[in-house]
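Student: Before we start, here is the structure in question, set down as C-alpha cells.
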Amino acid sequence: MKLQEMEKCSGSSDWNVIYWVIGSILMPIALPLAVINLWQRFRAQKYRNQLPGKVVLITGASSGLGESLAHVFYRAGCKVILAARRVEELERVKKDLMALDVDPAYPPTVLPLDLSELNSIPDFAARALAVYNQVDILINNGGISVRADVAATAVDVDVKVMVVNYFGTVALTKALLPSMIKRQTGHIGFISSVQGKFALPQRAAYSASKHAMQAFADSLRAEVASKKINVSCISPGYVRTQLSMNALTGSGSSYGKMDETTAKGMSPDKLAERILQCILRKEPDIIVSDLQSKVAYYLRHLLPSVYFWIMTKRALKLEKASKKSN
1 MKLQEMEKCS GSSDWNVIYW VIGSILMPIA LPLAVINLWQ RFRAQKYRNQ LPGKVVLITG
61 ASSGLGESLA HVFYRAGCKV ILAARRVEEL ERVKKDLMAL DVDPAYPPTV LPLDLSELNS
121 IPDFAARALA VYNQVDILIN NGGISVRADV AATAVDVDVK VMVVNYFGTV ALTKALLPSM
181 IKRQTGHIGF ISSVQGKFAL PQRAAYSASK HAMQAFADSL RAEVASKKIN VSCISPGYVR
241 TQLSMNALTG SGSSYGKMDE TTAKGMSPDK LAERILQCIL RKEPDIIVSD LQSKVAYYLR
301 HLLPSVYFWI MTKRALKLEK ASKKSN
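So in UniProt numbering, spot 88 of the sequence shown is number 88, and the numbers just go up one at a time.
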C-alpha cells in the first residue's frame, strides 16, 4: 500500500473514531428527545381531532394577542367565548370570526369582563358557564403594563397592575375551577411574559405581577394534575401589539407610545399558533421569545452577577434617555 493511501485510511479512521465518540455521547440524549417529540406530536394530533366543539374562554380578546387567539381557536372548530372590557371591539372580533369559512363553526359569544372588578368575577364566571354549561379551556390573556421606574410609580399604580394581571386572573381561575374539577377535565392557560422569569428596569410593577402569575400557575399545576386538569404557563418575549400604547405611566396616565422593541416584536398571529400547539401538546411551561430574551433568562439563573451588571447598565441607559426626552 502506498504512503498516500495509508494516510487516507488513517484520516478516515480518525474521523470514524470522532463520529463514534460524538455518537456515543449524543445518542443517549438525542434518542429520548426524539421519542418525546414524536410522542408529543402524536398526542397533539390526537387532541386536535377532539378540539372541535370545545368551549374556549379568552380574556383580553378585544385586540392584540387575544384577538389572534380567538381566530386560532375559532378556526380549529371551537366554541369561543370572547371576554374584555370593550364590548364594541369584541363585537368587531365576533363579526370578523363569523366571516371566516370554518367548518364546524359556532357563533362566538361576547361577554363583558373587567378584571379589576374582582367582586363581579364570580357572576361573570356563572354567565360564561351558562352559555354551554362548561368551559373546557380558559386562556387568561387580559392584562396591562407599566412604563416607569420604581421611585416614580405611585403605589396605586402597583396595586392596579397587580389587581388586573394577577388577582383578576386568580379570581376568574378560581371561579371556573370547581366546574373543571367536577368534570375531571379542563385546561387553564396563563399568558405570562419572559418578564415573569426575569425582571427589567422600569418594568417592576408589570414584572412583579407576572412573577406572581408564574408562581400561582406552578402551584395550581401540581394541585390539579391528579384531577386531569392541565395548566400551561406561556412566557412570550416582545409581541407586536398595543400593550405599550395602552401601558400606564408612574402616575397612572396613559403611556401612549409604541416602544421600538414592541414594534419589532413577534407577530401575535404567530404567537397564537404556538400557544395552540402548547395547549394541544399539554406543555406545562414554555418560553416563546428571541435569542436575546432566552440568554437573559439563563444568565439570571446561571450567572446572576453578569445579569445584574447588564441590568444596571440598562437602567442607566433608560434613565438618560428619559431625562433627554423630558
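Beta carbons are placed, not taken as given, at the ideal position from N, Cα and C, and that holds for glycine.
Can you tell me whether DSSP reads G189 as helix, strand or coil?
Tutor: Note: G189 maps to strand in three-state DSSP.
Student: Where in the stretch 103-159 do unbroken runs of the beta strand (DSSP E), each at least 3 residues long, occur, reported from the N-terminal end onward?
Tutor: Entirely contained in the stretch 103-159, the beta strand (DSSP E) runs reaching 3 residues are, in chain order, 109-112, 137-140.
Student: Locate the beta strand (DSSP E) running through P236, then write down its first and last residues.
Tutor: Segment 229-236, the beta strand (DSSP E) holding P236.
Student: Return yes when the Cβ of V194 is within less than 8 Å of the Cβ of L65, no when it is not.
Tutor: No, they are not a contact pair.
Student: Which residue or residues does DSSP assign as beta-bridge partners of V80?
Tutor: Partner(s): V56.
Student: Between which two residues does the beta strand (DSSP E) harbouring D285 extend?
Tutor: Residues 285-288.
Student: Per DSSP, M311 is paired with what?
Tutor: DSSP, once it has assigned bridges, lists no residue as partnering M311.
Student: Using DSSP's beta-bridge definition, name the partner residues of L248.
Tutor: Its beta-bridge partners are V146, S254.
Student: If you draw a straight line from the C-alpha of C233 to the C-alpha of A199, how long is it?
Tutor: So the alpha carbons of these two residues sit roughly 17 Å apart.
Student: Excluding sequence positions up to five away, which residues of its chain have a Cβ less than 7 Å from the Cβ of K8?
Tutor: For K8, the pLDDT reaches just 48, beneath the cut-off of 50, and the residue's location in the model is therefore unreliable, leaving the point undetermined.
Student: Since V146 and L248 are thought to touch, with beta carbons under 8 Å apart, how far apart are those beta carbons, to the nearest angstrom?
Tutor: Their Cβ separation, rounded to whole angstroms, is 5 Å, which keeps V146 and L248 in contact under 8 Å.
Student: Buried or exposed, going by whether 16 or more other CB atoms sit within 10 Å of the CB of E67?
Tutor: Buried, by the Cβ-count rule.
Student: Here's the rule: buried if 16 or more other CB atoms are within 10 angstroms of the residue's CB, otherwise exposed. What is G60?
Tutor: G60 is buried by the Cβ-count criterion.
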